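Numbering (the numbering used here), first residue to last: 102 to 449.
Heads up, the beta-carbon is just placed ideally off N, CA and C, and yes, glycines get one too.
Values in this document were obtained by computation on a predicted structure and should not be read as measured data.
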Amino acid sequence: MSRKYLSSMLSIVLLDEDSPLECYYNRICTIGKCMGLNFDSSNLIKRTISHLISNYMIIIVLYFVGAVGYSLLFVDSMPHVAVSITIFIIYLQAVISMIFLIQWVKQGNIHKFINLLKEPQNGEGVNRYRKSLLLQMMAAFSMTILVLLYISSTFAVYFSGKNVTAIDREIINSFGNRDSYIIPLIAQEYALFAWNLSILIYVFCVEVTFYEIRYFNRSIRTMNGITEESLCAQISTAIMKYSDIALAIRSLDKIFKRYPFMMIACTIPSLLFCLYVVFSRLNSDKEEKVLMIPALLYLLYSFFSLTAVPAKLHDEITKTKSAFYENTHLVPLSIISVQCSRCILFSS
């Protein structure tokens, strides 16, 4: 099977030919529905079950986080403290992400944002760069492998009867015994999947906005009006179009106003402690490495997703004004300046 054929098949499966923007988000929503996140369903029973599942998982994981935090009071070894703090922050991030994810699904903000983003250019930006978007999303989906690896490692270590850190016994005893630990362990892994899904949604929303802005800037640079009046009319139309895109950008900023900052604030310390555990204890037990190495890789992925991806979008937005000014060889600079001032006013 050729690489080109495989790529075309993935495009058909993951991106609908008519509306890849909505289709791809619907694929992501399918993952959430498989996790029981049916808060937007018209069926009362499904919504009730979703509330019960999510609330139960949040309570269990918060209790686990509290147990890890309490055990820190009785750990005196720096390596064990580092492992404990890493586990504490990772699952705190997971439960925070789960809360944000539930809020996004219940309020339907992502659907509203996608409709706003699609309207100005009819989703042509995503259509134009759909292959690049596909590669980005496939890379994000591949991070699920790290989550599965971490989950498998956690189950294997704990049910092998071994203790990875000095706090394992205290944590397990806080839930009764090792046999009854299966319930909180499932809740922890559910929270990790919710964290992965929230990162996936964040990356998707920022990426599709980036491609829509890039397509808009490209269309501005390739304007070729026959007369000054026709080119001014094209620029005026582009200004109105950009004002609609700006509404979508403001909606995106409103949705993710707190999430990336809270995640970055948690990721930095957990990443530092995880690096310390992995590289300062090269001769430690293999069970500890089995848990910490997948966690380290996923923390790195999370950190770059929350920083590099939005930075790319910001850079593309700042190029819009220069894209307008590239038409000064056809239209007087004074007219372009007035139009750009309107553009900035709409986007502010």
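Residue state for M239 is assigned as helix, using DSSP reduced to three classes.
Residue M179 holds the alpha-carbon nearest to the alpha-carbon of V378 among M179, Y316, S198. If you look at G226, you'll find it in the alpha helix (DSSP H) that goes 225–229.
Y230 and I246 have their C-alpha atoms spaced approximately 26 angstroms apart. Counting along the chain, T310 sits inside the alpha helix (DSSP H) bounded by residues 283–322. Across the structure, V182 and I188 are spaced so that their CA atoms are roughly 10 angstroms apart.
DSSP, read as helix, strand or coil, puts L348 in helix. Excluding its 5 nearest sequence neighbours in each direction, E220 has C-beta neighbours in its own chain below 7 angstroms: D345, listed in chain order.
Rounded to whole angstroms, the separation of the alpha carbons of Y157 and F405 is 31 angstroms.
Under the 10 Å beta carbon count, F175 is surrounded by fewer than 16 other beta carbons and is classified as exposed. Inter-residue distance for Y192 and G170 is about 11 angstroms (C-alpha atoms, whole angstroms).
Secondary structure of G137 (DSSP, three-state): coil.
Within its own chain, the residues whose Cβ lies closer than 6 angstroms to the Cβ of L217, once the five positions on either side in sequence are excluded, are L348, A349, S352, listed in chain order.
The beta carbon of I321 lies closer than 7 angstroms to those of A339, A424, F425 in the same chain, with the five residues before and after it left out. In chain order, S403, S406 place their CB closer than 7 angstroms to the CB of I300, counting only its own chain and leaving out the 5 sequence neighbours on each side.
When secondary structure is reduced to three states using DSSP, R128 falls in the helix class. Annotation for S155: the continuous alpha helix (DSSP H) segment containing it runs 145–172. With a contact defined as Cβ atoms closer than 8 angstroms, M393 and C375 qualify at about 6 angstroms.
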